[in-house]
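Protein sequence lines correspond, in order, to chains A and B.
In this text, residue positions in the first sequence follow the working numbering: the first is 1, and each later residue adds one.
In this text, residue positions in the second sequence follow the working numbering: the first is 244, and each later residue adds one.
Below: the structure, in structure tokens.
Protein chains: 2
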Amino acid sequence: MPSDTIRAALVKRLRISAGISDEDVREIEALPIAVRQYPAETPVVRDGERATECCLIVEGFCARSKTIASGKRQILSLHIAGEIPDLMSLFLHVMDHDLSTLTPCTLGFINHETLRKLHHRRPVVAEMFWRDTLIDSAMFREWIVNVGQRPAPARLAHVMVELRERLRLIGRVDDTGFDMPLTQEQIGEALGITAVHANRVIRQLREEGIVELQRGRVTVLDEFRFLELADFDHRYLHQSPTL
Amino acid sequence: MPSDTIRAALVKRLRISAGISDEDVREIEALPIAVRQYPAETPVVRDGERATECCLIVEGFCARSKTIASGKRQILSLHIAGEIPDLMSLFLHVMDHDLSTLTPCTLGFINHETLRKLHHRRPVVAEMFWRDTLIDSAMFREWIVNVGQRPAPARLAHVMVELRERLRLIGRVDDTGFDMPLTQEQIGEALGITAVHANRVIRQLREEGIVELQRGRVTVLDEFRFLELADFDHRYLHQSPTL
DNA sequence: CTCCGGTTCCAACAAAAGTTAAGGACGCCG
DNA sequence: CGGCGTCCTTAACTTTTGTTGGAACCGGAG
């Protein structure tokens with residue numbers, strides 16, 4: 001796989017949301033990345049492991065999650081092409097959660113040492129990555145609000161809108177909709193509800209003519225009511241370097 | 244107020260959790276900090292504001308929160324002396340949440356420009372602060388799990404244990420207990436439940452002889468069952484620089 | 001093509017949490 | 001000292017969500 005294909009979504013995203021310079025792009029293009037294929041539903045890094053490299057999603061969907069003593073699992077975030085979900089492992093060496101694939105994925109691995117050297121060579125790039133982890137953090141905050149305060153239908157709508165915004169940035173939304181390849185079990189784990197209730201909520205939104213979710217694809221039926229229900233304020237995604 | 248008193252808790256915390264060097268400590272001691280007093284229940288920085296300084300808690304309790312369209316509020320984290328809750332505003336210029344006092348507070352304000360200069364002068368300090376924002380992020384992840392998956396009594400116990408661990412680090416826990424100066428309304432907002440239900444849960448834990456919460460002070464009655472209920476794994480606090 | 005496992009879907013019932021309403025404790029201030 | 005406001009406390013009732021169990025659907029492997 002050619003180098004620019006591997007980095008395409010990453011560079012596209014950084015250009016928009018971090019205001020990256022051409023020189024910085026060249027540094028990122030020069031980064032050695034080891035590409036590996038992963039099947040669906042496979043752990044990439046596990047809670048408790050000591051990571052020595054970061055994982056760039058080239059293609060596919062991943063999720064971060066934690067499992068509590070009772071065995072219940074909470075999905076913390078969804079991740080798409082161009083993102084580096086475990087950038088935090090650079091400084092928080094022991095993982096405090098799992099990173100796993102949802103769909104078959106193409107993943108690129110970048111050595112920690114390589115990144116650390118790049119940071120010392122170009123502090124501006126370090127700050128850009130720092131900013132990236134801060135946006136990550138902002139998304140966690142919104143996820144807390146979603147799970148803590150919104151009724152289940154609004155939770156689902158909110159996660160859908162967030163995913164759509166991020167997919168749009170890398171050109172993965174068309175007018176028929178966008179991919180959201182989660183099982184109802186996983187949707188439940190993301191929203192903090194059971195799979196049965198997730199099913200109820202999905203049905204309800206379909207019956208009310210708001211949004212349709214079928215075989216991992218989302219089709220919005222009534223854009224206005226969809227947005228209203230989601231109660232979405234795009235600011236927390238910080239998709240502009242001046243924000 | 245003498246400079247070392249202002250920075251005492253910060254330095255104490257960084258020494259333990261970030262492995263800071265004496266030279267770095269001197270840099271931090273040299274940082275100009277503007278100290279101001281705040282009454283209880285007062286906003287420090289508001290959602291949507293553009294921050295130009297960071298806030299160091301010298302004394303007192305603060306909380307970060309977000310309010311959704313329906314008017315419901317979710318508390319995202321609690322903060323104690325020695326912490327800089329809005330360090331993220333250095334790179335995410337527009338606030339995406341509120342920071343406010345819970346009790347009367349002594350707060351120190353450090354200019355963004357000052358911090359940025361320090362970062363360029365001493366990249367190691369920048370990395371230390373980066374790590375600090377990453378620990379913040381790890382705490383948000385655990386908060387998501389708490390609100391998303393645990394039953395209400397376990398949620399309360401978990402928040403209590405987390406707070407106790409952090410207070411212990413700065414020497415604010417004795418054998419009679421520790422302070423947790425939240426109203427039941429605020430506890431509800433932290434746990435994603437109503438104040439009425441928060442009251443039920445507090446009573447239940449008291450009646451079961453697990454933990455007592457009275458006038459902002461926590462007394463553990465049965466340490467073993469308390470920890471078991473909380474399902475607490477201290478790893479996510481990353482309180483050691485090698486982790 | 002058929003079987004099989006994993007989803008999706010659904011209904012009935014149970015448990016947890018939200019809502020409303022109201023009395024009581026406590027501290028502050030005039 | 002008394003009144004007022006905030007918080008705590010509790011009960012009764014409603015709504016949401018969880019649990020259990022089972023049927024229908026779908027796609028891939030043999």
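Beta carbons: idealized from backbone N, C-alpha and C, even for Gly.
**Prompt:** Just curious, the alpha helix (DSSP H) that A/His119 is in, first and last residue?
**Reply:** Within the first sequence, residue 119 of chain A is the residue found at index 119, counting from 1. First-last of the alpha helix (DSSP H) with A/His119: 112-121.
**Cross-chain neighbours of A/Pro123 in chain B, by beta carbon under 9 Å** = Working through the first sequence from its first residue, we reach residue 123 of chain A at position 123. Per Cβ cutoff of 9 Å: His362, His363, Pro366, Ala369.
**Request:** Give, in chain order, every residue of the region 382-393 of chain B whose Cβ lies closer than 7 Å to some Cβ of chain A.
**Result:** Phe383, Arg384, Trp386, Ile387, Val388, Val390, Gly391, Gln392, Arg393
**Message:** Which residues in chain B have a C-beta closer than 7 Å to the C-beta of A/His238? List them in chain order.
**Reply:** By 1-based counting over the first sequence, the position of residue 238 of chain A is 238. For A/His238, the C-beta contacts it makes with chain B under 7 Å involve Leu335, in order along the chain.
**Proximity winner among B/Phe421, B/Asn442, B/Gly420, relative to B/Glu428 (alpha-carbon distances)** = Looking up residue 428 of chain B in the second sequence gives position 185. With distances taken between Cα atoms, B/Glu428 lies closest to B/Asn442.
**chain B residues whose Cβ lies nearer than 7 Å to that of A/Leu99** = On the first sequence, residue 99 of chain A is found 99 positions in, with the first residue counted as 1. When 7 Å is used as the limit between beta carbons, A/Leu99 is near no residue of chain B, the shortest such separation being about 12 Å.
**Request:** Name, going along the chain, the residues of the region 409-440 of chain B whose beta-carbon falls closer than 9 Å to a beta-carbon of chain A.
**Result:** Glu432, Ala433, Leu434, Gly435, Ile436
**Message:** Under 9 Å, Cβ to Cβ, is there at least one residue of chain B near A/Gln74?
**Reply:** Numbered from its first residue, the first sequence carries residue 74 of chain A at position 74. Chain B, which has a Cβ nearer than 9 Å to the Cβ of A/Gln74, makes this yes.
**Item:** Nearest candidate by alpha-carbon position, reference A/Met160, set A/Ile6, A/Pro85, A/Leu182
**Value:** The residue you call residue 160 of chain A lines up with position 160 of the first sequence. Nearest C-alpha to A/Met160: A/Leu182.
**Request:** Let me know if B/Phe469 comes out buried or exposed under the rule of 16 or more other beta-carbons within 10 Å of its beta-carbon.
**Result:** Mapped onto the second sequence, residue 469 of chain B falls at position 226. By the neighbour-count rule (16 or more Cβ atoms within 10 Å), B/Phe469 is buried.
**Asked** Are A/Ser137 and B/Met331 touching if we call contact CB-CB under 9 Å?
**Response** Locating residue 137 of chain A in the first sequence gives position 137, where the first residue counts as 1. Locating residue 331 of chain B in the second sequence gives position 88, where the first residue counts as 1. Yes.
**Message:** For A/Ile187 and B/His401, I'd like the C-alpha separation in whole angstroms.
**Reply:** Taking the first sequence and counting its residues from 1, one reaches residue 187 of chain A at position 187. Taking the second sequence and counting its residues from 1, one reaches residue 401 of chain B at position 158. One Cα belongs to A/Ile187, the other to B/His401, and the distance between them is close to 25 Å.
**Prompt:** When the Cα atoms are used, what is the spatial distance from B/Ser260 to B/Leu486?
**Reply:** Position 17 of the second sequence, counted from the start, is the residue given in the question as residue 260 of chain B. Position 243 of the second sequence, counted from the start, is the residue given in the question as residue 486 of chain B. The alpha-carbon of B/Ser260 is positioned some 9 Å away from that of B/Leu486.
**Item:** Residues near A/Cys54 in its chain [Cβ-Cβ closer than 6 Å; skip 5 each side]
**Value:** Numbered from 1 along the first sequence, position 54 holds the residue referred to as residue 54 of chain A. These residues qualify, in order along the chain: Ile84, Asp86, Leu87, Ile110.
**Message:** Against chain A, with Cβ distances strictly below 9 Å, would B/Ala312 count as a contact?
**Reply:** Taking the first residue of the second sequence as 1, we reach residue 312 of chain B at position 69. At least one chain A Cβ lies under 9 Å of B/Ala312.
**Prompt:** Any chance the CB of A/Arg116 is under 8 Å from a heavy atom of the ligand GTP?
**Reply:** The ligand GTP is not among the ligands present in this structure, which contains no ligands whatsoever.
**Asked** Residues of chain A with a CB under 7 Å from the CB of B/Ser380: which are they?
**Response** Numbered from its first residue, the second sequence carries residue 380 of chain B at position 137. Per Cβ cutoff of 7 Å: Met88, Thr133, Asp136, Ser137, Phe140.
**Request:** Enumerate in chain order the residues of its own chain whose CB-to-CB distance from A/Ser3 is below 7 Å, with the five nearest sequence positions on each side excluded.
**Result:** Residue mapping note: residue 3 of chain A aligns to position 3 of the first sequence, counting from 1. These residues qualify, in order along the chain: Glu29.
**Request:** Can you tell me which of A/Met95, A/Val125, A/Leu76, A/Val44 puts its alpha carbon nearest to the alpha carbon of A/Leu31?
**Result:** Locating residue 31 of chain A in the first sequence gives position 31, counting from the first residue. Considering only alpha carbons, the answer is A/Val125.
**Request:** Please list the partners that B/Arg460 has in chain A, where partner means a Cβ-to-Cβ separation under 8 Å.
**Result:** Locating residue 460 of chain B in the second sequence gives position 217, where the first residue counts as 1. Near B/Arg460 there are no residues of chain A at all, since even the closest Cβ is about 25 Å away, more than 8 Å.
**Prompt:** Is the Cβ of B/Arg478 closer than 9 Å to any Cβ of chain A?
**Reply:** For the purposes of this step, residue 478 of chain B is taken as the residue at position 235 of the second sequence. With 9 Å as the cut-off, B/Arg478 counts as an interface residue toward chain A.
**Item:** Candidates A/Ala8, A/Thr101, A/Val196, A/Asp179: closest to A/Ala40 by CA position
**Value:** Translated into positions along the first sequence, residue 40 of chain A becomes position 40. Taking only the C-alpha atoms, the option nearest A/Ala40 is A/Thr101.
**Request:** Let me know if A/Glu113 comes out buried or exposed under the rule of 16 or more other beta-carbons within 10 Å of its beta-carbon.
**Result:** Within the first sequence, residue 113 of chain A is the residue found at index 113, counting from 1. It is exposed - the Cβ of A/Glu113 has fewer than 16 other Cβ atoms within 10 Å.
**Message:** Taking the straight line between their C-alpha atoms, what separation do you get for A/Ile68 and A/Glu23?
**Reply:** As a first step, residue 68 of chain A must be located in the first sequence, where it is residue number 68. As a first step, residue 23 of chain A must be located in the first sequence, where it is residue number 23. Taking the CA atoms as reference points, A/Ile68 sits about 44 Å from A/Glu23.
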